[in-house]
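**Q** Chain order of the listed sequences is A and B.
Numbered per this note's numbering, the first sequence spans residues 75 to 188.
Numbered per this note's numbering, the second sequence spans residues 816 to 926.
Just passing along the structure, written as structure tokens.
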Amino acid sequence: AQSVTQLDSQVPVFEEAPVELRCNYSSSVSVYLFWYVQYPNQGLQLLLKYLSGSTLVKGINGFEAEFNKSQTSFHLRKPSVHISDTAEYFCAVSVRAAGNKLTFGGGTRVLVKP
Amino acid sequence: NAGVTQTPKFQVLKTGQSMTLQCAQDMNHNSMYWYRQDPGMGLRLIYYSASEGTTDKGEVPNGYNVSRLNKREFSLRLESAAPSQTSVYFCASSEAWNGYTFGSGTRLTVV
Chain A
75 AQSVTQLDSQ VPVFEEAPVE LRCNYSSSVS VYLFWYVQYP NQGLQLLLKY LSGSTLVKGI
135 NGFEAEFNKS QTSFHLRKPS VHISDTAEYF CAVSVRAAGN KLTFGGGTRV LVKP
Chain B
816 NAGVTQTPKF QVLKTGQSMT LQCAQDMNHN SMYWYRQDPG MGLRLIYYSA SEGTTDKGEV
876 PNGYNVSRLN KREFSLRLES AAPSQTSVYF CASSEAWNGY TFGSGTRLTV V
């Protein structure tokens, strides 16, 4: 079975600074990878996804992520964060052979400080 | 607005009571899911329905049942609620590999 590890449970960052959220997965077969964002008291929204092709994926709100197959990682980055980026971020993986079920990491809470 | 609608938004149950969480989507998606969210554990899959008429267990199905009433609706039932089922429950739907669309969640407390 696949699993997802988000290495940081909380990341404090100053406004306009860059941020990187780390995600590693384990799977013996090909995967699809996703990042979701959850604002307080809301559901999750899709930020970006990697299905195939270019390993650098651009998403909404200026976020991007890079798929690294050899390191089984899918780290999320933003070059300059805003106060409005304060939220919890979830990495998720889906195994291609097992339908469209997602396995989520434990989440990283980003707190952007002025 | 198109999306996934969950009801109720909040619920408090006494141990042993039963209830059904409702979920409906209007995007004509084939697949629907129920997850629970607990602090530090991310989201864990309870049950899913790959298509109308089918349901399968996920990672944490014990204590729950589901019904895929039609293509739009997928309900989650707690037959005898336990304090361990205190959580936030999310319904989601998807089509192919386009990612999930989530509802806004149901915050359930079992006392």
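Just so you know, even glycine gets a beta-carbon here, dropped at the ideal spot from N, CA and C.
Starting from Q116 of chain A, find everything on chain B with Cβ-Cβ shorter than 9 Å and list it in chain order.
**A** Near Q116 of chain A (Cβ distances below 9 Å), the residues of chain B are F917, S919 and G920.
**Q** What number of angstroms, rounded off, separates the C-alpha of A166 of chain A from the C-alpha of Q840 of chain B?
**A** 22 Å
**Q** What three-state label does DSSP hand Q826 of chain B in the structure shown?
**A** strand
**Q** Return no unless some Cβ of chain A is closer than 9 Å to the Cβ of N913 of chain B.
**A** yes
**Q** Taking only beta-carbon atoms, is F889 of chain B less than 9 Å away from chain A?
**A** no
**Q** Tell me which residue opens and which closes the beta strand (DSSP E) that Q840 of chain B is part of.
**A** M834 to Q840
**Q** Quick check: the Cα distance between N845 of chain B and S909 of chain B, rounded to an integer number of angstroms?
**A** 7 Å
**Q** Please classify E162 of chain A: is it buried, with 16 or more other beta-carbons within 10 angstroms of its beta-carbon, or exposed?
**A** buried
**Q** If you compare alpha carbons, which of B:R922, B:D871, B:E888 and B:V925 is closest to G818 of chain B?
**A** B:E888
**Q** How many angstroms separate the CA atom of S895 of chain B from the CA atom of V925 of chain B?
**A** Each residue's alpha carbon lies about 10 Å from the other.
**Q** Between L176 of chain A and chain B, is the shortest Cβ-Cβ distance under 9 Å, so that the two count as touching?
**A** yes
**Q** Taking 8 Å as the threshold, find out whether the stretch 135-144 of chain A comes into contact with the stretch 75-89 of chain A through three or more Cβ pairs.
**A** no
**Q** Assuming E89 of chain A and I157 of chain A make a contact with CB atoms under 8 Å, what is their CB distance in whole Å?
**A** 6 Å
**Q** Starting from P86 of chain A, trace the beta strand (DSSP E) in both directions and tell me its first and last residue.
**A** Q84 to F88
**Q** Provide the residue span of the beta strand (DSSP E) that contains W908 of chain B, from first to last.
**A** Residue 908 of chain B is actually Ser in this sequence, not Trp. It spans S902 to S909 - the beta strand (DSSP E) in which S908 of chain B sits, taken as one unbroken run.
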